[in-house]
Amino acid sequence: MTKGQVEVAEKYLDYHMEKYGFQSSNVTFIHGHIEKLGQAGIKNESYDNIVSKCFINLVPDKQQVLQEAYRVLKVRRRVRSITFEHQ
Ligand SMILES: C[S@@+](CC[C@H](N)C(=O)[O-])C[C@H]1O[C@@H](n2cnc3c(N)ncnc32)[C@H](O)[C@@H]1O
């Protein structure tokens with residue numbers, strides 16, 4: 001992931017708040033690598049869910065990704081990974 005991708009995502013926060021009727025945003029974008037969530041400041045047992053849409057499949061060290069996911073998720077841990085295959 002690049003900082004530029006995060007900047008583009010942040011540009012659309014106001015658009016989506018207005019479109020879906022929110023007064024404030026409940027979304028935070030964090031720049032980092034999925035296999036190094038600690039470097040991005042993500043603490044132990046701090047999240048309920050992880051959703052990956054075509055991310056985990058791109059990382060060579062999937063064991064490290066899953067170890068990090070296990071570390072940052074709360075007790076009822078849940079990881080959802082979706083990958084599309086191109087034909
Ligand atoms: C196929 S795109 C999918 C993006 C988005 N989920 C979508 O469906 O449009 C894969 C994304 O994974 C990001 N990516 C690749 N390796 C990554 C890593 N190790 N950690 C975090 N993001 C990564 C890339 O920057 C890219 O944005």
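Its first residue numbered 1, the sequence shown is counted upward by one per residue in full-length UniProt numbering.
Backbone N, C-alpha and C fix where the C-beta goes; we use that ideal spot for every residue, glycine too.
In terms of side-chain proximity, the C-beta atom of ILE50 is found no nearer than 7 Å to any non-hydrogen atom of ligand 1.
A residue is listed when its beta-carbon falls short of 7 Å from at least one non-hydrogen atom of ligand 1; in chain order these are MET1, THR2, GLN5, GLY32, HIS33, ILE34, GLU35, LYS53, CYS54, PHE55, LEU58, VAL59. Around LEU13, the same chain offers SER25, VAL27 as residues with beta carbons nearer than 8 Å, after the five sequence neighbours per side are excluded.
Taking C-beta separations shorter than 8 Å and ignoring five residues to either side along the sequence, the partners of ASP48 in its chain run LEU73, LYS74, ARG76, ARG78, following chain order. About 5 Å separates the beta carbon of LYS53 from that of ILE82, a gap short enough to meet the 8 Å contact definition.
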